[in-house]
Structure formats: structure tokens, C-alpha cells
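Protein chains in written order, with the numbering used here: chain A, 48 to 392; chain B, 48 to 392; chain C, 48 to 392; chain D, 48 to 392. Heads up, the beta-carbon is just placed ideally off N, CA and C, and yes, glycines get one too. Note that this is a predicted model, so its numbers are computed, not measured. This report concerns only the one structure given below.
There are 4 protein chains.
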Amino acid sequence: MIKAGIIGATGYTGVELMRLLATRQDVRVDVITSRELAGTPVADVFPNLRGYLDVVFTEPDTEILAACDVVFYATPHTVAMNTAAELLSRGVRVIDLSADFRLKDQSVWESWYKTAHTAPELIEQAVYGLPEVNRDDITTAKLIAVPGCYPTAVQLGFLPLLEAGLVDSSQLIADCKSGVSGAGKKAAVGSLLCEAGESMKAYGVAGHRHLPEISQGLTRFGNKAVGLTFIPHLTPMIRGIHATLYANPVAEVNQEQLQALFESRYADSPFVDVLPAGSEPATRNVRGSNKCQIAVHYLPESQKIVVLSVIDNLVKGASGQAVQNMNLMFGLTETAGLDVVALLP
Amino acid sequence: MIKAGIIGATGYTGVELMRLLATRQDVRVDVITSRELAGTPVADVFPNLRGYLDVVFTEPDTEILAACDVVFYATPHTVAMNTAAELLSRGVRVIDLSADFRLKDQSVWESWYKTAHTAPELIEQAVYGLPEVNRDDITTAKLIAVPGCYPTAVQLGFLPLLEAGLVDSSQLIADCKSGVSGAGKKAAVGSLLCEAGESMKAYGVAGHRHLPEISQGLTRFGNKAVGLTFIPHLTPMIRGIHATLYANPVAEVNQEQLQALFESRYADSPFVDVLPAGSEPATRNVRGSNKCQIAVHYLPESQKIVVLSVIDNLVKGASGQAVQNMNLMFGLTETAGLDVVALLP
Amino acid sequence: MIKAGIIGATGYTGVELMRLLATRQDVRVDVITSRELAGTPVADVFPNLRGYLDVVFTEPDTEILAACDVVFYATPHTVAMNTAAELLSRGVRVIDLSADFRLKDQSVWESWYKTAHTAPELIEQAVYGLPEVNRDDITTAKLIAVPGCYPTAVQLGFLPLLEAGLVDSSQLIADCKSGVSGAGKKAAVGSLLCEAGESMKAYGVAGHRHLPEISQGLTRFGNKAVGLTFIPHLTPMIRGIHATLYANPVAEVNQEQLQALFESRYADSPFVDVLPAGSEPATRNVRGSNKCQIAVHYLPESQKIVVLSVIDNLVKGASGQAVQNMNLMFGLTETAGLDVVALLP
Amino acid sequence: MIKAGIIGATGYTGVELMRLLATRQDVRVDVITSRELAGTPVADVFPNLRGYLDVVFTEPDTEILAACDVVFYATPHTVAMNTAAELLSRGVRVIDLSADFRLKDQSVWESWYKTAHTAPELIEQAVYGLPEVNRDDITTAKLIAVPGCYPTAVQLGFLPLLEAGLVDSSQLIADCKSGVSGAGKKAAVGSLLCEAGESMKAYGVAGHRHLPEISQGLTRFGNKAVGLTFIPHLTPMIRGIHATLYANPVAEVNQEQLQALFESRYADSPFVDVLPAGSEPATRNVRGSNKCQIAVHYLPESQKIVVLSVIDNLVKGASGQAVQNMNLMFGLTETAGLDVVALLP
């Protein structure tokens, strides 16, 4: 029985982690911390957990957390970097859903997050938790940086093309659409139903924090610098990311070749589902599931490769991927607890 | 291993049944029929099932269905009454999600459904599949009439009050709000996003087919005639039913007493969750789950009892309840395969 | 040219007022105040007003406001009661969209709003701005208390029945469904798209501030005490209120009689549209318009009268009604600037 | 008084036309045809028009239509091309909202619409009704082909860049997001709230009928061939198009220059609103209005020009633009009847 703790489980990635862990027989959620909600039963805040998780929010306490086998950080950035070292030193495996350890270049991190990094020695140690790329490293990792939601959808879409050297890496475009849950549960005017509902808009055009994370990954895949234009859009729905990716082939390509490339690349990845040629994935087909559904299209008229990649931002884009990492770290089946069929409609 | 068949699994109750059965170890979905989609892989129509259910739609064929242990009808009304007898005679247990066997009074059925009932001999035999009322009968049943979605939410809300004889059964009001999936997957103008979205309206005010079903149940609970006003409303969301129930107490009551009554009545019902006094349930807290969450309020000012009852119309209001019935019929744990935490947000 | 000022126009009733006034030829919005946004062009905050309203938010300043012919308060409660007297004394007509002057009984107001009323002398003077009831008084009023959104929909629905003495006023039920804009533009977790979207829930079951306002009106209509059960529900849409009203007739009634009663009562009310017998109004049919669409149903089976009443909570339930009052106060056509066809779909 | 007729006004562009025309003093809608609804009052089908438009649907009748000054076709394609000639010959001005006369190359039209064009002689005569490009020609036109919704948003976004020769016209990308009303009011499974709601998907990736229309326009603007990748997406909202446009500059550019270019190009276009530098337009800011709001961004890092262009697909993308054309054809103020502030929220 794996003893798990969750720090800061008051938001959407927190409740999603609890949903995925609450019914497992091989994991027990022992500790759920929240400064503001200490003393409150978790199921009072999240009534969907009534009857499934009989735990009370507690103040974060290192001694108690240190008794866990694994601790998840479902916190805003800068929390994990300040406390993870202590837990690691006491043998706890740490899975950080925040951005603290995603960027390998400390100065880049500091420029995007506008603060000094307080645990630079852990940056190197942290393994970027995208199993489709780093499965082996994850198996032996002590500290995981769970990828961001956009970075997951975009990297999985470009990965086969860049690894194969098939596209001009200097002219990549990622036009991404996210449900509002990506903005979290904090009370913000822009996330109100009356502001975000029945409307579509781009945001972060001048620069979004996921840009350097995506660029870092894409650079690694192709082993060469990338030029990426990344435009996220706020979409009037709760869950889901749809990434529409554009790339220019560097040599002649065709649909069959691209289709085979994607299918082959992901043959051993249980959570990446390459759809048949001609498909147009919908975010609802992965709602609540850890799947990434991908379709690759070659448009001969304009000689563009277009990849459509969809995930549930709270599952494969956050908590499901965190659990997938946990499974690998503890030698469990990669899909344990994640064989969840998407909720449709 | 229970071998299951599903007839007419092209709509929302069908795909929901498949979602709930696809990952079970003790049930195997062998046959899924659809005249119009025969030959098409189920996962082509419902991409959420890709990788979970490798079955092809087939023409309904009695020989093949008769080899199943249980057959679900996820069909429009009048299909089950024409073919269930044959399956029953060959030892197949039948769980009908349609309305064919819900009403015990054949003439009432015929007046609401505007056609002759072709299997009146099965009406008596059919067990009304509301386990919170009929658990024992279900255990030995061969033919189950799965309750409608509104009837489930309304009956579970009024049940303790009527059984206890606490309210005036001649003055019951059920103001109900349903998500659009209750209207099914058929192409109908009224169910378009641009028609049903961003709007609220009542419908069926002059009479809705669920009225006689609810009245039949309520009459049985209190063993006396009921006067029920039932007004359903179309609500701009996909899933969920919210029933707001009004009743006049026949003697002095108080909140504590009502709370205790409800908690006691449902103490052994794993899928009815009586919320603490003062609660206001939300349909999202049961989305995708088989739970019915209920709150009972006494309003001293107006001397009204108000019950708030929420379900997911496709789960406890249809396919989840069907599976719950199957579990009981086959001697399995009532909650098998249904311990699903609701998807929130 | 009427010179108008708006105090606190940073929320949804504020922007709606500006939408309705911006294109008028006979009214000029001179002053729009907001402490927090002083100095910001209104159209920067509400880009729908770009090109239509070239005004900058300013600090509230009595001298400037006193130069207006009419001042609207689009503020939270307690603002108007503290400053309206000064404006009134200087000859400005005041239209208060908040709750400060809606209740005639000061002690009731104070018990619901948990604070002392600071302008009790104005309570008597204030005219309750429901033109369908008080048209003449409004014409000569200096201070208008614009009705709340629920109170508008509910009162217009019950009005003919109570005036005619047709129903038992001790057993009235108002089951109301509101879009989320009723909660305003403030950043609150419960109004987030991810919280209020795709869900239905009751709220304020134990008591909502609109209850005494509705009861006060209904009591006046029938000239006798009322017993009202009022349950509001949060509905996953932006605009709209749907009131479903239940009443017991005190004598024999029929549909024709009720239909004629409603049509006759509202024959001279340009914004109350009595639908043909058998109709089921939808909130979308009045979105953006000042209309209240009403259908009255008699259900012979259960001997209940059911009234369905829909409005746009931000128009007839707030800013449109405010403008309707202004028109009457200044001797303009009642419908001036309000002949807006609802936006459908 | 202009006498107007509308053919086929049973869909969303039809009701939107009626909304925009019903309250005008200078236009009277005399004839509204529909074969299937002949005899039904328009306001029975569209209750938002109750009290504003007292007209009954009639069978299309050439004699009656010929008495109009202007006839709008709000029909599926192939209707206008079969009957417009007769109306034109009798002096009626024709404004076709369908696709029949949008493409100047008959063979291209026939290959995309899979049928022979039956009025090739009118193709040349038809003026493409994008006033920001063709204002003068529209003024004297007899037959207008109203642009499609995507083509309007995309062309207005690329227009200044192509006219100025600033971008590589062979590498244009238009990633477009549309509300579901773009699919019309026909009963189609894909447009159901339960299918299109809470989901995002691309469609028509292999080719969408608006592609040749857009390409034709862009080619004309820059007077050279264009290579365009156009990916439309179905977005879970009722109204609105958001076009995200990507282009590569052919020389050094900067934000100030681009901003000035756009502002200057549209200085005389009342319905194109160039937002300040750094803006991110939202579709809700133009809901119900005829405005196109545009922001141009230069991203120095990736050397891309990104244009964000939003319209209401039913107004500037269809019926509003049709009215704008009518105004110009009849020598009225271009903005007559279109000075409608968008409905926000």
C-alpha cells in the first residue's frame, strides 16, 4: 500500500488527483493539506468525494508528510521549491504539478516567474514527467516535474515530426484552445461564467509561461533550436485542450508516411491514441480520461502538416499524468487506476 | 464472466452502459446491436471507447442474443415489448431501459404511449428496477423495467415522506430541471446547442409521460392516491436532473426529525446520499456517478417541506441504475463497477 | 436632452444601462462614476461600448452629479441610502437599482440587510418602480426603487391572480431559475464558469433577500397576507430568469377565464406579453429585451394554476426597467429606447 | 419606405435579418417566404419578434416578390441562382446571403458545390458585398453576394497586410473558431447541445467551402497568388467567430507600423474597429453587433505577424452585412439600423 500525501489540494488539480486515487486499492491518501481549510473534511469542499475519501484537510506538517511514500504538490508555483528538498532528503518521492522544476535553465525560469529560484540544486535532479519521452528516467526518479497542460498537448503532437527531422523547426505554430479550468479555481473576474462563457478570445499573445517549457522540449526532440509561435485561447468550456499544430515539411511527405510515423512512435504509449487518417479529434472524447488523441494531416495544396492533439487538461494535462508518473516510479502498471473511459456526452 | 448484450446502443444511454461495462473484469459485452450501424466498430461512433471495447455493431439476431446471460434494451419504447418474451423464454435476463414495462396498468400505458401494448403478459412479471424500493424483488427478477430519469429523482425524494405518512399526498409538486441529454441523441431542432443553450424553459406542462410513472410509485409508497403537479424544465447543460419537491406536512414536523427520517431510510442504500441539514445539492456533484444526493429542508415560515434531489440522468437515471439492477440480479455486490467518483469540475 | 449620471457602473447592470442609453438621441450620459476605475475610459472596460460612449470613469462628485437631470445608482446596497438625499435636495431625480428603498418596512429591511437604514425618511418617498402596478406614481416620482430581478418576474406572474382574488394567497410557490449574471461581476468562486457551468442547484433555500420584497408586493396586490415559498436556483446560463409559479384556485376556474384575465390585465402594458394558451416561454426569447413573456396554465387534473414568467434579469429585471421608469418620469414614451428585439439565438 | 422581402427566413440568418429590419422606420418587411411554414405567423416561430413583425410566412410567389424594392435570399445554396434572374429583370435589387454568387470562377464553384451553376451570366454581374473592399461597386450594384462568415473575419484581418505587400502571401494560416450557429438551424446530430457543447474540435480540415472564397479575396488584395491553410473549429458557443491569422513579414516590420497601417486602412470603415496595440479581442464584445474588432500583433521573437479578428457570424458574418449592403445600395447611411451595441455579458 502506497501512502500518499497531497499538498494544497483545494483547486482543480487537487480534486482531480483525489478522484483518481480515492478508489484505488493499492494507494491510500493519508494526508491532504491546506492552510486555509485545515480542519474541514475534504468531502465538505468536494461533495463528489463523499463516501470515497474520509480525510480532513490539515496544516502542512513536515513530520506527517515525511511518513508518506509519495507527496504531490498541487500548489501554485514557488511552494514546491521551498519545501521539496526536506521531503526528498527523508526518502519521500515528490511529484510536483507546479512549474517549479519544469525548466532546466534557471535564468529562464527566473525571468518568466519573476522571482529567484530557491532550490536550484534540485532543477538538475528533477525529471520532466512526460512518460512518452522520459519513461526510463521516470522509473528511477525521486523528483518529478509534471508537464504543463499546453506543453503536454503540443509536445506530443510535434514529437514524432521533430524526432524524425521531417519539419522546419524554425517555423512551428501552436494554436491552442483551453477550457477555463486551466485557470484554476481562484476567484478571478476573467474566469466567471458571465465573462468566459459564450465567448472565445486569445490571451498571453505577447508571451505565456508555457512557451519556454514547450520550446525546451521541442528543442530536445529535434536536437536543434526551434522557432515557435504559441497562441493560447480561452474557450467556453470547463475541460479540454485542443492544440492545432502547423509545420512545414523539409522534404516531400505524404499522409501514409506521417500516419505510419505517428502510429509507430506511440505504439508502446498506452495513453497516446493516434486516430485513423482523416480524423478530427474532439476534446469531449477524452474528458475525464488520461488519453491524448492525435490526428496528423498532410495538406498537399498548401504543403502543410497539421496535427490535431486533444487532452483533458486536468487529467493528461495534470493529475492523470502525475498518477501515471507515480505508477512508473513505484513499479506499478503504467495504466493502474487510469483505465477510465471518457465521459461522453 | 457474465455475457452481456445491448440492443440499440447508439444513443446516450447506450454509450453510458458501455462506459460502465467496458472496464469490468466480471462482465463481457459480447453483442451490441444497431440496424443502422451494423458493421461499424462501436469505437468509431464513440471514440471514448477506443481501446476499451473492441466490438462491432451487428444486426439484432435472436440466436446470438439468446447466448447472452443478460440483454439490455437501450431502445425507444415499443421495441422491448415486441422481442423480450423470446429472450426471456430462452433464459436470458432482460433489463429494459425503455418505458415498455414501467406502468402496471396497461390501459394507462396505452393512453400515454398511443399504441397497443403487445406483451401484456410481461407487465405483471416485470419488476420495477428501483433498488431502494424493490431490492429483494430485483434479486430474483427475470425482467427489469428500469425507471425513468425524472421518476428516479422524484421518487427517491418523496419516498421517506410518503412511507412515513408525513405529508398531504394530494398536494405534491415536483418542479424538475433536466439537462438536454434526457432528450437523447436524435437530431431534433429543440435539442440544438443554439436552441437549448443559454435558455431555460418548461415543457410538457400539459402532461409528460413520466407523470403516470411517478404517480404510480408515489401511490404505492404511501398506499393512498396522490395528487401530483409535475413540471419538467429543459436546462442548458448536458447531464443532470435537479428535482425540487414541495409538500405540506400533515402534522407538526421539524428539521431534525426529517433529517433523521431520510438518513435512516437510506442507511442501507449505497447510492442515495442524504446530505447534512442545510445543504443545497448541485447536479455537478454527481456527474458521471450513480449517486443520488438529497437534502431535505423544513421551512417553518411557510410550513413547507422542500426536498432537493439530484442525479445524473444518464447514470442513476438510466444506465447506472440498469447496471445496479444487473449486479443485484446476478448476486454481485450492488456497487460493482459503479464506484465511480463524479467528475468535478 | 436629458443629462444622466450613473454611479458605480462597473458591473453588469451598469454596462446594460449604458448599452440602453448610449444610442439614444434624447438622453446623454454625462457622468459615470467608479472609485476604482476613475480615469479609465468606459470603453476600455466594456469594449462593446467602443465608438458609442466616449466617457471616462470619474470619482463620484456631488457637484458634478447634481448637474444631471437623473442619476442612476448601479451600486451594491447601502450606497444609495447614504447619498441620494443630497441629490434629491438639489432637484435630481434618482433611480436606484439597488435594494435600499424597495422595502417599506424599515425593520424588515434592516433584519435582511443586517445594517441600520441611514435614510428612513426616503423610504416612504420612494416609489416602487414596477410600472405595471405603479405607473401613475412613477410619473411624478423623484426617487424610484427599481424592483429586483426575481421580484419582477414573480410579481408580474401572480399579479392578475391576486388582484382578482382567484387563488389561495397562503399557499403560493415560486420556483425560480436565474442565470449567473444575477450574481454580478464580482470575483466569486461560485460564479466561475467551472463552478456554475454545466450544473443546476438551489440556493438561499433558508431565506433569500428577495423574499420579503416579493411578499410585500403580493400582499399589496391581494390586500391580504400571503404565504410564499420561494426557491431560487442557479442556472448554467448568462442571462434570464424563469419563474414557475404554483397557486391553488379558491373557486372553479378554467383556462379561457385565466387567459382572458391575464390578457386583459396587461393590455396596456407594452412590456408584458401574455402568450397564447398552451405556450411555454423560454428565457432566450427575451434575451436583451425589456419584455416579460408570460403563460398561464390551468391543470385540471391536479387543480393547480401554473404561471410561467420569463424576463432578462439585466433588462426587465434591472436596467431596462430603470430606463422604463426614467421614460415615465420625464414624460417620454414608455418604450423609448427599449424597442429592442431579443437576440435569438 | 423601402419594401423588402426575405426568401427562406426560417433559419438563423433569416431571424437575424428580421431582428435588424423589424424596428426600422425606413424599411418595411412585406414578404417573408417559406414553403414549409406558409400560413404561420413569423412571430409564432420566432417569439422574439412578437409585437415587432406582424407578418405571415407565405409560399414564394414571384409576382409578390417582384413588388419589393429589395429581396434577401436567406436560403441554402442553389436557390438564389435559380430564381434571382427573374427578380433582377423586374427591377428588384437582390442580396443573396448564400454562396451562389461568391465565387467568380464558375468551375471552382461547381467543383466545391458539386452541381452545375444555373445562372453563370449573373456571376459576373454580382458584386461581392464586402463594403470595406467594394463600397463603391456596392452602391450601384443590383445583385450582391454577401460574403461568408469565415471569409469576412479572415479577409478583414489579412486585407491591410496584403494590400501593403508586407507579408509572404504563400504562407498564410487562418486558424478559425466558430460558434455553432454557423451550422444553421437544421436538425443535425453534430449541432446538438450534447454533441457540440463542452467540446472543441476542428472540422473540414481536408477542405471547407469557404477556402476558395477566402483565397479569391486574398489573391485580389495582394494581386498575387496566395497559399492559405484554413482550419475551422467548432466552438461550444452560439455566436461568434474568432480568426487567428499568422503571416510572415517579407521585410522588417514593427508594432507601431502595423498598428498605424491597420488604423489608417480602416479609418473610414464604421464597422471595423482596430483595437489598441496589445489588445486581445473577444467574440462577446461584438455579439449582436455588426462590428469586426481587430488586433494586430508583431511577435519579434518568432518574427510572426498575428492578427486577431472577431465578428458575430450572424451579423457582420451574414445578416448585418446584408443590411449594410442594402444601406449602401439605397443611398442610406451605411450604419442605418446597425448602430446596435453588442450584448455584454
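Separation of residue j from residue i, as counted between CA atoms
i: C:Val354; j: D:Lys232; result: 29 Å
i: C:Lys351; j: C:Ala290; result: 16 Å
i: B:Leu393; j: B:Arg149; result: What the structure shows of chain B is the stretch from 48 to 392, and residue 393 of chain B is not part of that stretch, so it cannot be assessed.
i: C:Leu275; j: C:Gly251; result: 14 Å
i: C:Gly254; j: A:Arg331; result: 38 Å
i: D:Val89; j: D:Val102; result: 6 Å
i: C:Pro107; j: C:Ala121; result: 13 Å
i: B:Ala85; j: B:Thr105; result: 4 Å
i: D:Thr80; j: D:Glu63; result: 15 Å
i: A:Val141; j: A:Trp156; result: 20 Å
i: B:Ala234; j: C:Asp215; result: 43 Å
i: A:Phe268; j: B:Gly325; result: 55 Å
i: B:Ala383; j: B:Gln371; result: 8 Å
i: A:Ala221; j: A:Tyr160; result: 22 Å
Residues near residue i in its chain [Cβ-Cβ closer than 6 Å; skip 5 each side]
i: A:Lys248; result: Leu281
i: D:Asp184; result: Val174
i: D:Asp320; result: Lys338 and Gln340
Where the alpha helix (DSSP H) containing residue i begins and where it ends
i: C:Ile185; result: Pro178 to Thr186
i: A:Pro167; result: Pro167 to Gln172
i: B:Gly52; result: B:Gly52 -> not in any alpha helix (DSSP H); beta strand (DSSP E) instead, spanning Ile49 to Ile54.
i: C:Ser356; result: It is not in any alpha helix (DSSP H) - C:Ser356 instead sits in the beta strand (DSSP E) that spans Lys351 to Ile358.
i: C:Ile111; result: Thr109 to Ala113
i: B:Pro261; result: Per the sequence shown, the amino acid found at residue 261 of chain B is Ile instead of Pro. It spans His257 to Gly269 - the alpha helix (DSSP H) in which B:Ile261 sits, taken as one unbroken run.
Burial state of residue i (16 or more Cβ within 10 Å)
i: B:Asn270; result: exposed
i: D:Gln72; result: exposed
i: A:Ser154; result: exposed
i: D:Ser228; result: buried
i: B:Ser158; result: exposed
i: B:Thr70; result: exposed
i: A:Ser311; result: exposed
i: D:Ala131; result: buried
i: A:Val297; result: exposed
i: D:Thr57; result: buried
i: B:Arg82; result: exposed
i: D:Val236; result: exposed
Boundaries (first-last residue) of the beta strand (DSSP E) holding residue i
i: A:Leu96; result: Per DSSP, A:Leu96 belongs to no beta strand (DSSP E) and is neither H nor E.
i: D:Cys339; result: Cys339 to Leu346
i: C:Thr291; result: Ile288 to Ala294
i: C:Thr276; result: Leu275 to Leu281
i: C:Phe119; result: Val117 to Tyr120
i: D:Thr80; result: Val74 to Thr80
Contacting residues, own chain, Cβ-Cβ under 8 Å from residue i (five flanking each side not counted)
i: C:Leu346; result: Ile352 and Val353
i: B:Ile49; result: Asp73, Val74, Arg75, Asp116, Val117, Met373 and Phe377
i: D:Met128; result: Asp147, Phe148, His164, Thr165, Ala166 and Leu169
Integer-rounded CB distance, given that residue j should sit under 8 Å from residue i
i: C:Arg137; j: C:Ala113; result: 4 Å
i: D:Ser316; j: D:Glu210; result: In fact, because the Cβ distance is near 13 Å, the residues do not count as touching under 8 Å.
i: D:Lys224; j: A:Lys224; result: 7 Å
i: A:Gln306; j: A:Thr199; result: About 22 Å separates the two Cβ atoms, so there is no contact after all.
Own chain residues within Cβ distance below 7 Å of residue i, not counting five before or after
i: C:Ser336; result: Asp359, Val362, Val387, Val388 and Ala389
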